[in-house]
Amino acid sequence: MTAPQREITPTRFPFDTVLIANRGEIALRILKTVEALGLTGAVVYHEVDADAPAVRAAKQKVEITGATPVAAYLDGAQIIAAARQVGAGAIHPGYGFLSENAGFARAVAAAGLRFVGPTPEAIELMGDKVRARAFVQQHGFPVAPSVIEDDDPATFAERARAVGFPLLIKPSAGGGGKGMRIVREPAALAEEIVRARSEGQRYFGDGRLYVERYVENPRHIEVQVLGDAHGNVVHLFERECSVQRRFQKIIEETPSPALSAQERTRICKTAAGIARAAGYRNAGTVEFIYGAGAFYFLEMNTRLQVEHPVTEMVTGIDLVREQLRVAAGEPLGFAQGDIASQGHAIECRIYAESPARGFTPTTGRALMIRDAALPGTRLDIGISEGQAITTAFDPMLAKLIVHGKDREEARQRALAALRAFVLLGCETNIAFLRRLIAHAAFRDGDVHTGFIDAHPEIASEPVPEATRHRLLAIAALAARPVRDAADAMPQPHGAMGGWRN
Amino acid sequence: MRAIFSIDEAEYPVFATREGHAYRVHVDDRSYRVGNDHGALVAVDGDTIHVWLDGETLTLRYHDPVAYHASHADGAAEDTITAPMPGTVIAVNTKAGQAIARGDTLLVIESMKLETAIKAPRDGVVEAVHVAVGESFDRSAPLATLVKAEA
């Protein structure tokens, strides 16, 4: 972290061991803070992750099993049993998997353990997108025009049509962009409802939907909040996450280049107000859609976010440490006025995917990983050299986070870090991320959530022909038969055969 | 004999010659001197070669020249429908022997949390379906084969 680290009074934790119920980069990131606090970190892992960095680094580890690797990480009973086995007093769920599962949070408490997260009631309220919207609206905060299927299922399509196109269909139980579909043509509505319902049913076990007016060219701005069990709630400023593909974030930054100082104050205060109204404790994120000077509540994520490091970079506050302190029953170590944002931070998500092929996932093996460790740069990575990259999990492999004194310095550092980072053995989006950050629109802070779709050339741009040939020439010599054939050829003839380029 | 390297669908015949302590590699109508100071990083996994230089990465496949020329002697069949991306089969809507029309949905696959319908590229008859519901596959895996069209 580049902003000065905030020191707080040492905490006496009512637990010695924290079980980390996650995998990949976030398991390692949580483990680092757990150990920095003098606690013992334990991890659960499926056998496909046996070589993962967190599993290698943790003092204690428990193998979990399941019909699929994902199923193992979703098996709450098995994870609670693992916590008991290692004598853990708390479980940190990370993000995804069981992090927003109220039933799991209850089961953890029932087992006499602490869940490092909000109350089950807060998870339930915010997990039901329809209830959450109604709650926010009731408290006088802004939401987008919408129609809820449950209000009268028989007239859902008709009422949706009345909101006006374009529409966005969302699963009531959803999140993370899964099952969301934009509908621009009235004729396509019926079929898209069927598809969205089927996806909602499969991903969330809940086929209920709602529809809202889709704001064209919107920006995604979210606010980090922290609450404790004593009624204190603060915000840690905003993050802008408008660069997305298929509703999933690729680049996040703070501060947002879109907001005026006044708007920034207003959106951050709104987020803290929503969290306070919900009696929220632990780390959470209130997401907003922003367009044409107005912002609407989108949803609240009741967990640590993937992009939390940019907030850590500018505030100097370790969010995982705060989560553990709150879970230990401590009050927040600072008031709103103590929190300042310094400089600018950008995070780039490195995915195993092919931007040129519509961002489809890629597979392979991490044969070589090189981290240049440049100034102002943090790498949160979840794979080790030699580890297989499969489609069993989300394709995110690592996050590169940079900090600079201003946005331009941060942007230059992001470009340098992306140029220096090496991952061989599986196609990634690294070169694409560099083209994005170098793009004039991103440089000018002029992006929206449809930016990547509007500029398909950034994704499809091939490696320049000259570089391609150069790389091909170097790679060809790595093929034994090519080198052997060259070595076998008498030198004078070989020399004559080669003309200068 | 020139070795064949492919990058995605593009093929490049390549040969190398010695040039003192370095090599000269001939690609298409150009040649490049490759010494020990090229600054690139290379990782080899069987016939697949991954190379990185200054933030750009390429993956190449080396084709043994003899095997390559043998396999290209008989015309490649265009009757197999392959996976556009890695994923899992959600539904199989057809079976061997069934007559299908261009645009019919043969299978539904899931990848990246999205359902995608795999449609028939032409009218014809299904010869075989190579995957079952619940099965996972890599990119380019054969999903279904159509009976060869009459010439």
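Residue numbers (the numbering used here), protein chains in the order written: chain A, 1 to 501; chain B, 1001 to 1151.
Each residue gets a CB set at the ideal place from its N, CA and C atoms; glycine is no exception.
Quick caveat: nothing in here was measured; it's all calculated off a predicted structure.
| Item | Value |
| --- | --- |
| For residue 1093 of chain B and residue 1137 of chain B, what's the separation of their Cα atoms in angstroms? | 18 Å |
| Out of curiosity, what's the CA-to-CA distance linking residue 270 of chain A and residue 347 of chain A? | 24 Å |
| Could one say the Cβ of residue 1025 of chain B lies closer than 7 Å to chain A's Cβ atoms, at least one of them? | yes |
| Between the segment 1042–1068 of chain B and chain A, which residues of the former have CB atoms less than 9 Å from a CB of the latter, in chain order? | 1042, 1043, 1044, 1045, 1047, 1048, 1049, 1050, 1051, 1052, 1053, 1054, 1055, 1056, 1057, 1058, 1059, 1060, 1062, 1064, 1065 |
| Helix, strand or coil for residue 179 of chain A? Go by DSSP, reduced to three states. | coil |
| Given a cut-off of 7 Å on the beta-carbon distance, is the pair residue 21 of chain A and residue 55 of chain A in contact? | no |
| In terms of residues, what are the limits of the alpha helix (DSSP H) holding residue 523 of chain A? | Given a span of 1 to 501 for chain A in the structure shown, any question on residue 523 of chain A remains unanswerable. |
| Looking only at its chain, what residues have a beta carbon closer than 6 Å to the beta carbon of residue 304 of chain A, apart from the 5 residues adjacent to it on each side? | 95, 283 |
| Would a C-beta distance cut-off of 7 Å place residue 391 of chain A and residue 361 of chain A closer than the cut-off? | yes |
| Between residue 1014 of chain B and residue 1003 of chain B, which are expected to be in contact by the criterion C-beta below 8 Å, what is the C-beta distance as a whole number of angstroms? | 5 Å |
| Would residue 469 of chain A pass as an interface residue toward chain B - the criterion being a Cβ-Cβ separation below 7 Å? | yes |
| May I have the straight-line CA-CA distance separating residue 399 of chain A from residue 251 of chain A, to the nearest angstrom? | 10 Å |
| Which residues, taken in chain order from the segment 384–403 of chain A, show a beta carbon closer than 7 Å to some beta carbon of chain B? | 391 |
| Please decide whether residue 368 of chain A counts as near chain B, where near means a Cβ-Cβ distance under 7 Å. | yes |
| Return helix, strand or coil for residue 126 of chain A, following the three-state DSSP convention. | helix |
| Applying the 10 Å Cβ sphere with the 16-neighbour rule, what's the burial state of residue 137 of chain A? | exposed |
| Locate the alpha helix (DSSP H) running through residue 269 of chain A, then write down its first and last residues. | 261–277 |
| Just the C-alpha distance for residue 75 of chain A and residue 428 of chain A, rounded to the nearest angstrom, thanks. | 30 Å |
| From this set, A/236, A/285, A/245, A/278, which residue's C-alpha is nearest residue 507 of chain A's C-alpha? | Residue 507 of chain A lies beyond the range of chain A shown here (1 to 501); nothing can be said about it. |
| Run the CB neighbour count on residue 222 of chain A, radius 10 Å, all protein chains shown included, and call it buried at 16 or more, exposed below. | buried |
| Relative to chain A, which residues along the segment 1111–1142 of chain B have a C-beta separation below 8 Å, given in chain order? | 1111, 1112, 1113, 1114, 1115, 1136, 1138, 1139 |
| Measure the C-alpha to C-alpha separation of residue 498 of chain A and residue 1026 of chain B and round it to an integer number of angstroms. | Low local confidence applies: a pLDDT of 44 at residue 498 of chain A is under 50, so the model's placement there is unreliable, with the coordinate-based value given in what follows. Approximately 8 Å, taken between the alpha carbons. |
| Can you round the beta-carbon distance between residue 65 of chain A and residue 57 of chain A to whole angstroms, since I take them to be within the 8 Å contact cut? | Not confirmed; about 22 Å, so no contact. |
| Mind pulling the chain B residues with CB within less than 8 Å of residue 18 of chain A? | Within 8 Å Cβ-Cβ: nothing; residue 18 of chain A doesn't reach chain B, min ~30 Å. |
| Just the chain A side, please: which residues come within less than 9 Å of residue 1087 of chain B by C-beta, in chain order? | 360, 361, 391 |
| When you compare the CB of residue 419 of chain A with every CB in chain B, is at least one pair closer than 7 Å? | yes |
| Report buried or exposed for residue 217 of chain A, applying the criterion of at least 16 other Cβ atoms within 10 angstroms of its Cβ. | exposed |
| Going by C-alpha distance, which of A/113, A/330, A/260 is nearest residue 227 of chain A? | A/330 |
| Taking the beta strand (DSSP E) that residue 224 of chain A falls in, what are its first and last residues? | 219–227 |
| For the segment 293–330 of chain A, list the alpha helix (DSSP H) runs that are entirely contained and at least 4 residues long, ordered along the chain. | 308–315, 319–327 |
| Could you work out which residues of chain B lie near residue 446 of chain A, taking near to mean beta carbons separated by less than 9 Å? | Within chain B, no residue comes near residue 446 of chain A; the closest Cβ sits about 24 Å away, beyond 9 Å. |
| Using 8 Å as the threshold, is the segment 197–212 of chain A in touch with the segment 130–150 of chain A, meaning 3 or more CB pairs across them? | yes |
| Starting from residue 379 of chain A, find everything on chain B with Cβ-Cβ shorter than 7 Å and list it in chain order. | What residue 379 of chain A touches in chain B: nothing, since even the nearest Cβ is about 15 Å away. |
| Would you mind stating whether residue 31 of chain A and residue 83 of chain A have Cβ atoms separated by less than 7 Å? | no |
| For the alpha helix (DSSP H) containing residue 96 of chain A, list its first residue and its last residue. | Neither: residue 96 of chain A is in no alpha helix (DSSP H) and is coded neither H nor E. |
| If distances are taken between C-alpha atoms only, which option among B/1128, B/1133, B/1123 comes closest to residue 1149 of chain B? | B/1123 |
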